[in-house]
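Numbering (my numbering), first residue to last: 57 to 449.
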C-alpha cells in the first residue's frame, strides 16, 4: 500500500471553488480586484500543496499512536473516556501535526465492523494541535465515548494529520488502532416468583456461548434422601430395603444439579417506541442476570428473530449484557416503512411471512417468559399472550 494521498480540507475545497469563480467574474465584470483575489487564492493553494507534502514526508512513519479505555463495556449514561497517546521518534516531533477529534467519527452498529461510508473532508478547526515533542516523549488526549444510548460503537483508527500553514491541504502521517465499545442498559431489578424461574430441562438445540460444566450421564445429582414412590418414577431408583422393612415403595431422591433452560422473549417491536424498547431490554438484562446467578441457562430471543443461548459461567453475565447491547432495534425512520409494508400485506394470511408472524414475532417453542410493556401486552399474538408476562416499568 502506498503513502496516503493528499486531500483537500474544507477550507481548501472552498478555495478551489472560489478561485476560478473570482477569476471569471473579474474578467466578465472588469473588476481587477476579483482577478487579483483569484491569483492570491491560486498562490495559496500551490504553496499549501508544496508545504503539506514536505511536512508529511518528514513526519510519516515517525509517530506511534495508542488508544486506551478503562473498559470496553459501559452502562448507558455512565461516562467513559478514550485516551489517545502520540509518541514521535527521530525528528518527527518537530513537524507541526494535528490529531483528529474522533468524537464525530463513532459509528453505531449492532455488529461492529468496517464502515463503508464516505469520510468527510479534514477540518483543521476540528483537530487538536500536537505540541512539539522530543523523540520518545508522549502527549495524551482525552475524548468522551458515546454512552448516551445502548449499542455497539466502533471507531476506526483515529488519524494524525499534517496541514499547511493556512489549512488548505492535509495528509495522514499516522493511524491509531480501532476501538470497539459495548454500551449495555442498566439492568432493571424485577421481583419474579421462583416458579417462573424454574425453567425446563431436556435437550436444547441452541449452543450456549459460554462453557457449561460437563453433564452427568450416570449420576442424577446429589443424594437428598428417600421419598414415597410416585407413578412415573424410574424403577432403577426404587429403594428395595425400605419395601422389605415397611412394605411401602420408596425411591431415592436426588437434587437436580444440571442447569435448566429458561426462554426469555424480548418484545422490541416498533409499536413500543424507543423508550418502551429500551425499558424492555433493561428488564431482560435484570431477569437474565438473576437466572445466571441461579445457575440456569438463558435462551434469549427477540421479536425481530434474533436468538442466542448463554450458559452459566464466570463470564456469563458479561456475555448476556454484550448480547443485549448488540440487539438491533428499528430506528424511527424505519417505522414508517414497516407500516407501509404492513398496509400492503393486510390481505396476507397470518404467518404467511417466512420465519415470522403478522405480529412481528418469530416463532418460539415451549412456554417462554415474555418481557414487554403494558401497551405491548395488549397486542401480543395468541401463542405468546398465554405465556407468563413480565411488564417492564
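Where is the CB? At the ideal position from N, CA and C, for every residue including glycine.
Residue i Cβ short of 7 Å to the ligand COA heavy atom set
i, result
"residue 125", "This structure lacks the ligand COA; in fact it carries no ligand of any kind."
Residue environment, residue i, which counts as buried when at least 16 other CB atoms sit within 10 Å
i, result
"residue 139", "exposed"
"residue 204", "exposed"
"residue 357", "buried"
"residue 300", "exposed"
"residue 149", "buried"
"residue 428", "buried"
"residue 367", "buried"
"residue 84", "exposed"
"residue 425", "buried"
"residue 359", "buried"
"residue 106", "exposed"
"residue 97", "buried"
"residue 92", "exposed"
"residue 176", "exposed"
"residue 365", "buried"
"residue 379", "buried"
Test item: CB-CB of residue i and residue j under 8 Å
i, j, result
"residue 211", "residue 228", "no"
"residue 375", "residue 243", "no"
"residue 431", "residue 328", "yes"
"residue 219", "residue 64", "no"
"residue 202", "residue 154", "no"
"residue 246", "residue 446", "yes"
"residue 72", "residue 101", "yes"
"residue 87", "residue 75", "no"
"residue 198", "residue 137", "yes"
"residue 4", "residue 343", "No statement about residue 4 is possible, as the shown extent of the chain runs from 57 to 449 and does not include it."
"residue 119", "residue 230", "yes"
Other residues of its chain near residue i: CB distance less than 7 Å, five sequence neighbours each side excluded
i, result
"residue 381", "206, 207, 208, 238, 239 and 240"
"residue 373", "345 and 348"
"residue 303", "none"
"residue 184", "154, 155, 157 and 197"
Distance, residue j Cα to residue i Cα
i, j, result
"residue 391", "residue 326", "Only weak support exists for where residue 391 lies, its pLDDT of 38 falling under 50; the value from the coordinates is given anyway. Cα to Cα, the separation comes out at about 6 Å."
"residue 115", "residue 134", "37 Å"
"residue 290", "residue 369", "31 Å"
"residue 194", "residue 182", "21 Å"
"residue 443", "residue 126", "41 Å"
"residue 295", "residue 316", "27 Å"
"residue 90", "residue 178", "28 Å"
"residue 147", "residue 104", "21 Å"
"residue 232", "residue 164", "19 Å"
"residue 332", "residue 324", "8 Å"
"residue 363", "residue 309", "35 Å"
"residue 111", "residue 151", "6 Å"
"residue 335", "residue 81", "60 Å"
"residue 159", "residue 109", "27 Å"
"residue 157", "residue 187", "15 Å"
"residue 448", "residue 306", "45 Å"
"residue 330", "residue 200", "24 Å"
"residue 190", "residue 145", "8 Å"
"residue 434", "residue 423", "18 Å"
"residue 79", "residue 69", "16 Å"
"residue 286", "residue 298", "15 Å"
"residue 141", "residue 439", "55 Å"
"residue 113", "residue 62", "11 Å"
"residue 99", "residue 180", "20 Å"
"residue 288", "residue 281", "18 Å"
Range covered by the beta strand (DSSP E) that runs through residue i
i, result
"residue 428", "425 to 428"
"residue 221", "Residue 221 -> no beta strand (DSSP E), and no H or E assigned at all."
"residue 138", "137 to 144"
"residue 358", "353 to 358"
Enclosing alpha helix (DSSP H) for residue i [first to last residue]
i, result
"residue 89", "88 to 115"
"residue 348", "329 to 349"
"residue 72", "66 to 85"
"residue 247", "No alpha helix (DSSP H) contains residue 247, which DSSP labels as neither H nor E."
Own chain residues within Cβ distance below 6 Å of residue i, not counting five before or after
i, result
"residue 67", "223 and 224"
"residue 129", "238"
"residue 234", "212 and 213"
Contacting residues, own chain, Cβ-Cβ under 8 Å from residue i (five flanking each side not counted)
i, result
"residue 236", "128, 168, 208, 209, 210 and 211"
"residue 283", "306, 307 and 309"
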